[in-house]
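Those protein sequence lines, which keep their order, are chains G, F and R.
For what it's worth, our numbering labels the leading residue of the first sequence as 5, then goes sequentially.
For what it's worth, our numbering labels the leading residue of the second sequence as 3, then goes sequentially.
For what it's worth, our numbering labels the leading residue of the third sequence as 319, then goes sequentially.
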Amino acid sequence: MADKTLSIKATRFDPQHDEKPRLQSYEVPFYDESMVVLDALNYIKSHVDGSLSYRWSCRMGICGSCGMMVNGVPKLTCSAFLRDYWPRPVVVEPLNNFPIIRDLVIDMDDFMHKLKAIKPWIIRKQDIPLGAGEHRQTNEQIDDFRQFSQCINCMLCYAACPVYGLNGEFLGPAATALGRRYNLDSRDEGLKIRLPVIAEAEGIWECSFVGECSVVCPKGVDPAKAIQQTKLDTTLRFVLPYGSRE
Amino acid sequence: METQAAPREYRWRMPGNWWTRNRHYFNYMLREFSSVPMALWMLWLLVEIQRAGGAASQYQPHGSPAFIAFSVIVLLFSLYHSVTFLSLAGTILHFKVFDRPVPSRLIVLAMFGMWLVASVVVAFVLVWFAR
Amino acid sequence: MDFESYDVLVVGGGLAGIRAAIAAVEANPRARVGMVSKVYPMRSHTVSAEGGAAAVMASNDSYETHAFDTIKGSDYLADQDVVEAFVREAPVEVIQMEHWGCPWSRNPDGTIAVRPFGGMTTWRTCFAADKTGFHMLHAVFQTSLKYEQIIRHDEAFVTKLLIEDSRCVGVVALDIRTGRFDAITAKSVILATGGLGRVYAFTTNGNICTGDGMALAYRAGVGLKDMEMVQFHPTGLPFTGILITEAVRGEGGYLFNNQGERFLKRYVPNKMELGPRDIISRAMITEFEAGRGFEGPHGKYMHLDVRHLGEDVIDRKLPFMRELGREFMGIDIVHDPIPVRPVQHYMMGGVDSDISGATPVLGLYAAGECANVGLNGGNRLGSNSLSECLVFGAAAGRAAAYYASSAKPVTANPVDAMLWDEARRVETEYLEKKTGTERIAVIREEMQKEMDTGAGVFRDRDGLSRLARNLGGLRDRFERIKIDDSSRTFNTEVLAALELDFMLEVSTAIAFSALAREESRGAHARRDFPERDDAKFLKHTLAFRTNALAPRLEYRDVKITNFQPQARSY
């Protein structure tokens, strides 16, 4: 077996020493076709430079921790296969459009605020008691919002959105898609309560449909669709307030 | 040890050339930018209408090659804008017929169909009135 | 220095932890409830659970059957009073989750659907496609956001429990972003830190599953119960160890060896692919050893075949499996068999806790995978764990809130001193250490390999003794680790060291507990003691930390109510 190596350049930034981030080069053995960028980072941290900092956990594309820019494209590093890049070097940087805390770790406080702002829980005028059992809901009704419920909060969409990059106040793709997930859930009655946050100027209306969010989403949530559909529904509500839209 | 201020974060700044870094971003900017030449062409059209209004029988549309070239470019831009816009209609519009969601391809097809019909009708009207 | 004081402090932000926090607030709306997690809650490993949550929902089901299935599944090591309480609460929790937005898959009439699962005599596993854990975690986390009383400390790593006057009064937590040490005081603390899969090399578990809560309790003098009971899930993908859910077999998948034989007919003829996990994992290893496994670059494997189910069923019931197969193996499960092999997955053992989540230390509770409440005994049935997190997370939350409402407040002075001591300990041992020769990863990888070899599906005295000895050697080498990262800001290397410290604690408890249990029961299979020995071992193992390598072991009788132990065959 030939000893293949791959070149990784990773962003380094320690606020205690560094004015600004810089790239550091490493050589990583590429010993298995199933290796992903995350494996390369783990190799560096384990055997070369333990000070490289980054987030990761499940390594199966469901926890959303390991989002980073890989050769300029937002990706989950646990699902970015080295064989797709080798023999060219791989540049790994922290997600665009977020402040950098350290190395490849970004500050996601803004996203956590927005997550809470859209009130992502079932809102009902009157809760039914537990003893009454489950709300009746069909699989077809779940299909109405299923796609928008797949979001793993990885924030690749925020990294891909130039509007968010230019205006941090923008509500953004994932938050809007999650808001829509609840608005479309047949058990929920909270649309009017969510509307102020979603339909304000910095809500959906900042979006100019670049569409890159949906391109990079690893779970097929299609947040661009969620935003445009929300724009349409919100406008129709405004124009035809007496109609029972959703 | 305990009393430590929060460490300084590196603030993100959008690079000025962000839209050149990715084919999708570039196409998006092209799409958005296309409204500028289209707007200019519309203004020019208004000027022409005003000129034609003055002396209908002697009206000669500006026949210089520059105008024709500009018109072709604007036509290409407007076609690009229209095709992208109509193609996205399937994403934006969502409704159900008999409780089943209408597939987005059908919606897009219908949009293009309506565009074709509208274009034919407008063309017909223009030619008819021109006679 | 930061002083917060809570009535209830939950350590861990997974399903059990968040459920406990909500339960505490609902039990006492004026309670101050804190939640500390070393990762943002939606990253908790609950998110990767796939198959479903078991509960008596269908009309042809009964509490007695669910209880019996669970007790038999546990190889009679479960405490039967706990099981009987659990089966009655599980359906209530399933409905509660539904009210909180969990998108349970439905029957045509709109009621919550159930699917068959391993070891269950009837269909009782509620599911949300094949991403049940993901949907449950997001539903409960997003619901928790509406309770203003719950205050979260995200990305804070608990290094030590604060014990004062034999009572737990809070924790010392390292704020990962700033490197600052905080004493977070509370009248009650609930450990909900999940499992310890990362002590093994081949595991379904994510990086964060390092047995933190178990080690914290262990160091505080709480016994770790039944640590030898480690579950190996039969169907993990080779190399990565990514979980292929039991639901694949529940929907009708078949396991084939390299002879094209559904070999389980020789091991669990009545249940076949829906036998309990311990028996199936042992069956697969036995087949491998007889040369009937497929050979691959990443070890032997069997074929899990769902081609006969058809694309429709797969897309509706197992879409995530199809995605995983495509993404990580380059196969389409509609047309290709799935390569699978046994993989460490769950820890039945854990912090000694009772039916209300209380540990023997006053004010300290535990729930979820990190606890051993007595539900799963020697082997857990699939889909009981998600229900367990809800039932006992809620129980612990309520119990802690109730206890806190009449507990004495926490006094500052002893806490101050403890905080200082702990902060200095971590700083001297890790952050400021300039000498050191061992790399963390080298020690960790050796520990993982040793655990795979010595404490795997089949164990024996020699293997376990060697394991125990080698873990002792690794502990010595751990004292000499070198840390490259001296930064205070988001220092993940110090985290890795702290986690390795915890992992060495719990893996030692596993090795010695396994060595002492000279029988085979549930997931603990001894080649040198292949039979179950109810006369000597119908008891829980309790491991107490000592200053020597070996823990002090005690035994406690299993609680039997209605179901006398019988021979266990399927």
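In this text, a Cβ means the ideal position worked out from N, Cα and C, and glycines have one as well.
Small disclaimer: the values here were computed from a predicted structure and weren't measured.
query, result
"Check whether the Cβ of R:Thr604 lies closer than 8 Å to any Cβ atom in chain F.", "no"
"DSSP on G:Lys13, reduced to helix/strand/coil?", "strand"
"Using the C-alpha atoms, what's the distance from R:Arg839 back to R:Arg433?", "27 Å"
"Find the residues of chain G that neighbour R:Ala759, judging by a C-beta separation of less than 7 Å, and give them in chain order.", "Ser50, His51"
"Let me confirm a value: G:Phe34 is counted as buried when at least 16 other C-beta atoms fall within 10 Å, else exposed. Which label applies?", "buried"
"Pull up the distance between the alpha-carbon of G:Thr234 and that of F:Thr93, whole angstroms please.", "11 Å"
"Could you tell me if G:His117 is buried or exposed, where buried requires 16 or more neighbouring beta carbons within 10 angstroms of its beta carbon?", "exposed"
"Where does R:Ala689 fall in DSSP's three states?", "strand"
"Just the chain G side, please: which residues come within less than 7 Å of R:Arg361 by C-beta, in chain order?", "Ser61, Cys67, Gly68, Ser69"
"With DSSP run on the structure shown, which of helix, strand or coil describes R:Gln414?", "helix"
"Please identify the residue among R:Lys854, R:Ala868, R:Leu813 whose C-alpha is closest to the C-alpha of R:Ser831.", "R:Ala868"
"What in chain R is Cβ-close to G:Asn187, meaning under 8 Å?", "Under the 8 Å cutoff, chain R gives no residues; its nearest Cβ is about 12 Å from G:Asn187."
"Mind checking the region 794-809 of chain R against chain F and listing, in chain order, the residues whose C-beta falls within less than 8 Å of any C-beta there?", "Arg806, Thr807"
"Measure the beta-carbon distance from R:Phe435 to R:Ala385 and round it to whole angstroms, keeping in mind my assumption that it falls under 8 Å.", "Between R:Ala385 and R:Phe435 the Cβ distance is about 16 Å, and since that is not below 8 Å, they are no contact."
"How many angstroms separate the CA atom of G:Gly224 from the CA atom of G:Phe174?", "21 Å"
"Quick check: the Cα distance between R:Asn378 and F:Val85, rounded to an integer number of angstroms?", "57 Å"
"Excluding the 5 residues flanking R:Ala491 on each side, which residues of the same chain have their C-beta closer than 6 Å to its C-beta?", "Val354, Ala474, Val476, Asp500, Ile502"
"DSSP has F:Lys98 in a bridge; who is on the other side?", "F:Pro103"
"Let me see if you follow: with CB-CB separation under 8 Å, is F:Ile94 close to chain G or not?", "yes"
"Can you pull the chain G residues whose beta carbon is under 8 Å from the beta carbon of R:Lys464, in chain order?", "Lys123, Trp125"
"Within the chosen definition, does the region 538-558 of chain R reach the region 591-604 of chain R through at least 3 CB pairs nearer than 8 Å?", "yes"
"Identify every residue that forms a DSSP beta bridge with R:Leu573.", "R:Leu622"
"Suppose you measure from the CA of R:Ser805 to the CA of G:Asp18; what does that come to, to the nearest Å?", "7 Å"
"Run through the DSSP bridge pairs and tell me what G:Val32 is partnered with.", "G:Leu10"
"From F:Trp43 to G:Lys24, what distance separates their C-alpha atoms?", "47 Å"
"Take R:Ala741 as the anchor and find which of R:Pro421, R:Asp493, R:Arg470 has the nearest alpha-carbon.", "R:Asp493"
"Which term fits F:Ser37, buried or exposed, when burial requires 16 or more other beta carbons within 10 angstroms of its beta carbon?", "exposed"
"Can you grab the Cα-Cα spacing for the pair G:Leu199 / G:Asp148, in whole Å?", "19 Å"
"Could you work out which residue in R:Gly609, R:Gly611, R:Glu564 is closest to R:Glu591 when comparing CA atoms only?", "R:Glu564"
"Restricting to Cα atoms, I'd like to know which of R:Pro883, R:Val876, R:Tyr888 is closest to R:Asp307.", "No answer is possible for residue 307 of chain R: the residues shown for chain R start at 319 and end at 888."
"Quick check on DSSP: helix, strand or coil for R:Cys444?", "strand"
"At a Cβ threshold of 8 Å, is G:Ile12 touching chain F?", "no"
"I want to verify the contact list: residues of chain G whose CB lies under 8 Å from the CB of F:Trp14, in sequence order.", "Asn100, Asn101, Phe102, Pro103, Ile104, Gly169"
"Return yes when at least one heavy atom of the ligand GTP lies under 7 Å from the C-beta of F:Val38, else no.", "Because no ligand of any kind appears in the structure shown, any question about the ligand GTP cannot be addressed here."
"Would you identify the three-state DSSP class for R:Thr383, choosing helix, strand or coil?", "helix"
"What residues are listed by DSSP as bridge partners for G:Leu80?", "G:Gly71"
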